[in-house]
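The sequence shown maps to residues 0 to 704 in numbering that gives the first Met the number 0.
Report on one structure; see the data block that follows.
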Amino acid sequence: MAGAIIKLRFTLGVPEFMHILAIALGGCLRAPPVRYGITEDTGGHIAYILGAMAALARDPRVTRADIVTRLFDDPALGNVHAQPREAISAKSEIIRIDSGNRHYLAKEDLARDRAAFTRALIEFLRASDRRPDIIHAHLADAADVARQVRNELGIPFIYTAHSLAHDKAAMMQNSPALAARLKEEDRAIAAADAIIASSRDECERQLPAYPSARFDRIHRLRPGVDVADVRRSDLIRARRLVEPFLRQPSRPMILAIARPVHKKNLVRLVEAFGSSRELSARANLVILPGLRAGVKRGEAEHREVLIDLVDAIDRHDLHGVAAWPSRHDSRQVAAMYELARRSRGVFVNPALTEPYGLTLIEAASHGLPVVATRNGGPSDIVAELEHGLLINPLDPEGMQRAMLRMLDDEVLWQRCSRNALVNIGGMNWRDYANGFLSIAQEIASADRTGTTMRPQRMLISDIDNTLTGCRKGARRLSAFLTRKRASVGFGVATGRSFVEARRLLREWDMPVPDVLIASVGSEIYWRTGRGFRLDEDYAAALAKGWNPDAVLAAMDDFPGLVGQAPIEQRRFKCSFLADGPDVLNRVRDRLASRGIAAKAILSHDRLLDILPVRAGKHAAVAHVAAVLELPCDRIVAAGDSGNDVDMLAASSQAVLVANFHEEVRGMAGLTHVYTARRSHAAGVLEGLLWHQRRSRTKEAAYVAA
């Protein structure tokens, strides 16, 4: 029943009065404060679930935001886990389902209890006064439960994987357990009505690697962070945690917080710190590796990692400069970030791979610079917050250099700290909740959306700094487009990827576009009744004569040019960072001298993209017009920067917003370009209305003649 209909009320396309149920089977899930690290499975995904559901419960459009988990009875882990219900807030509670097995089960043992848990949950939901409108399944085992619930009760579900096995399987080949996990994750991906992930790496690299993945079901929502108010008493208690370990507690603190599991790579961090005389002479290493009652107790992997940590500390004689307290609460953890910042230290996440990296956001909320693994979500977080350095987690010497650079370079440290405090505001639970409800609405209304679009006219706009930048203007434009949906089509043309474009539009409360031109006009996606589809005809046209290997070879070691991250490279787009606008003409000359049929586009003086000659925003807009059989003078194109030039220059009706970049100043004087007095989305609306009035005047004059 993937197309099950949810009976909801809607206002401007947003669901009202929704009942949401999250499912998570593993770990010690309880109302805050949570004892993170008490078991192998009590980690960041529980902080995510609690933060997300608390945000949803605060939203007036949500009636209930409840969490379902297993009931188990283990006094050592807390008597609360044997309680059938635990209140979190007035609109949210944890519901514990008794499957008949009251033992705590680690993730590898949960499978044998799943069938009984699923039966008990379905019976619980059958007997409920009101069933949830949507389920959010966390991890693949919960997705399997949610799939069976949907089959029985018709409730659609959203899936969040948290930690996919894709990269781990690549490192540990011929593992039957990982092979089975990959298959279960693929089944979850195939069954889910939508998939939510936190990082671009998950959305654009890991998830698409699964056979059943569909790009239009994958959504990126950035989780928020709850910033704790650190009191003086918390700082005192945090100092008392580490002072018994340290000879000079006032030294800069290198802080790491992670569960003691192999993939978190904590032992290699100790090895890197301990093998550097300079680091161990100038800084203290503080590791919070979860809660423990001795290194010989707990789950097997915990024991192995903790024993290896002790061994590394002993071998490098780090006593007096390394601390690893066994007990701490959430307020002490928050205070530890603050202590590290005050010591002018650094937070380090050395994980082999990190699906997202909530600790990096927590560090940012305290203004603490970071050194983080380049594998997985941290590359997104550090790029967006600009608050640290990325490292290869397998390179201890590179790890040392990054930590020393942060300690030595005062300008870098201050810049990263300032960026963290300024940019962290863009990652908040309010935007997450808004995005989640938007995705739920898309699922609910999928069967209502027509597949044929024949607007009388159309707006196609850039996103960054054109639609975004002013919330008030974005709301006005969104309301206009929603009212005029039947007659005015809406499309976007962006340098962003498909996933990132949808994320930004959602975060800025813009309507779902009828057509989405992504990756600087090298990809076109059409909205249909069941999501989006890639325009294969356009792709086939671009493929003729396109040789990306020749482009990359021509740009190899090109002065002033550095390749962007692999995730920015697309089938029909090679992307680079340029050291200034002078690079563009030299790149064009190089391509021409090598006989390579391609075009180079520079935006914001630093982002350089090389595309097939038939690609670009204008080419994509012309293709859209042809498909819709819409005259070009019925399309209004809006933009602000260099990658909009061809679209604005070739359009018969163009809008240049007032905040345009210097590189497009020459467009302002052209007769077909309306230069708005207002900036961002308000300028787009101003220009759209101006062109509409002008068109009506021309049409009236033609009729009169």
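Using N, Cα and C, we set each Cβ at its ideal position, and we do this for glycine too.
In this text, all values refer to a predicted model and were calculated from it rather than measured experimentally.
### Query
By how many angstroms is the C-alpha of Ser127 removed from the C-alpha of His135?
18 Å
### Message
Please classify Gln172 as buried or exposed, where buried requires at least 16 neighbouring CB atoms within 10 angstroms.
### Response
exposed
### Message
Could you compute how far the alpha carbon of Arg475 sits from the alpha carbon of Val514?
### Response
20 Å
### Task
Could you give the DSSP three-state label for Phe156: helix, strand or coil?
strand
### Task
Could I get the ranges of all uninterrupted alpha helix (DSSP H) runs contained in the region 346-426, with 4 residues as the minimum, in chain order?
357-364, 377-384, 395-407 and 409-422
### Where Val561 falls: helix, strand or coil (DSSP)
strand
### Pairwise C-alpha distance: Val519 and Ala549
20 Å
#### Entry: Per-residue burial, Ala485 [other beta carbons within 10 Å of its own, 16 or more giving buried]
exposed
### Message
Threshold first: 4 residues or longer. Then list the alpha helix (DSSP H) segments lying entirely within the region 230-285, N to C.
### Response
231-241, 265-273 and 276-281
#### Entry: Beta-carbon proximity list for Gln563, same chain, < 7 Å, skipping 5 on both sides
Ser574, Phe575 and Leu576
### Message
So, for Ala139: in the same chain, excluding its five sequence neighbours on each side, which residues have a beta-carbon less than 6 Å away from its beta-carbon?
### Response
Glu183, Glu184 and Ala187
#### Entry: Met252 versus Leu403: straight-line alpha-carbon distance, rounded
12 Å
### Task
Spatial neighbours of Ala237 within its chain, please: CB distance less than 7 Å, with the 5 preceding and 5 following residues excluded, ordered by chain position.
Gln331, Ala334, Met335 and Leu338
### Alpha-carbon to alpha-carbon, Asp461 and Asp414
Correcting the residue type first, residue 414 is Arg in the shown sequence and not Asp. So the alpha carbons of these two residues sit roughly 30 Å apart.
### Message
Measuring alpha carbon to alpha carbon, tell me which residue in Arg532, Ile595 and Pro558 is nearest Gly544.
### Response
Ile595
#### Entry: Asp225 versus Ile423, Phe489, Leu541 and Arg633, residue with shortest Cα-Cα distance
Ile423
### Task
Compute the Euclidean distance between the alpha carbons of His137 and Cys202, then round it to the nearest angstrom.
16 Å
### Task
Kindly list the residues whose CB is nearer than 8 Å to the CB of His603, restricted to its own chain and excluding five residues on each side of it in sequence; keep chain order.
Ser640, Gly641, His660 and Glu662
### Query
How long is the line joining the alpha carbons of Ala432 and Ala54, rounded to whole angstroms?
6 Å
### Query
Gln82: buried (16+ other C-beta within 10 angstroms of its C-beta) or exposed?
exposed
### Message
Quick check on the DSSP output: the alpha helix (DSSP H) that includes Glu184 runs from which residue to which?
### Response
Pro175 to Ala190
### Query
Is Lys598 closer than 8 Å to Gly579 when the C-beta atoms are compared?
no
### Task
Please determine, among Ala621, Gly638 and Ala637, the residue with the shortest C-alpha to C-alpha distance to Cys631.
Ala621
### Query
Below 8 Å between beta carbons: does that hold for Arg677 and Gly468?
no
### Query
Buried or exposed: which applies to Asp408, given that a residue is buried once 16 or more other Cβ atoms fall within 10 Å of its Cβ?
exposed
### Message
Rounded to whole angstroms, what is the Cα-Cα separation between Leu240 and Pro324?
### Response
6 Å
### Task
Please state whether DSSP places Val672 in a helix, a strand or coil.
strand
### Test item: CB-CB of Arg281 and Leu406 under 8 Å
yes
### Query
To the nearest angstrom, how far is it from the Cα of Leu265 to the Cα of Val369?
15 Å
#### Entry: Pairwise C-alpha distance: Pro74 and Ile93
18 Å
### Where Gly641 falls: helix, strand or coil (DSSP)
helix
### Complete beta strand (DSSP E) runs within the region 192-232 (minimum length 3 residues, chain order)
193-196 and 217-219
### Message
Looking at Ser454: is its Cβ nearer than 8 Å to the Cβ of Leu480?
### Response
Reading off the sequence shown, one finds Pro at residue 454, where the question assumed Ser. Going by C-beta atoms, Pro454 is not nearer than 8 Å to Leu480.
### Query
Considering only residues of the same chain and omitting the five flanking positions on each side of Leu669, which have a CB-CB separation below 6 Å?
none
### Query
Does DSSP put Cys469 in a helix, in a strand, or in coil?
coil
### Message
Using DSSP's beta-bridge definition, name the partner residues of Glu522.
### Response
Ala517
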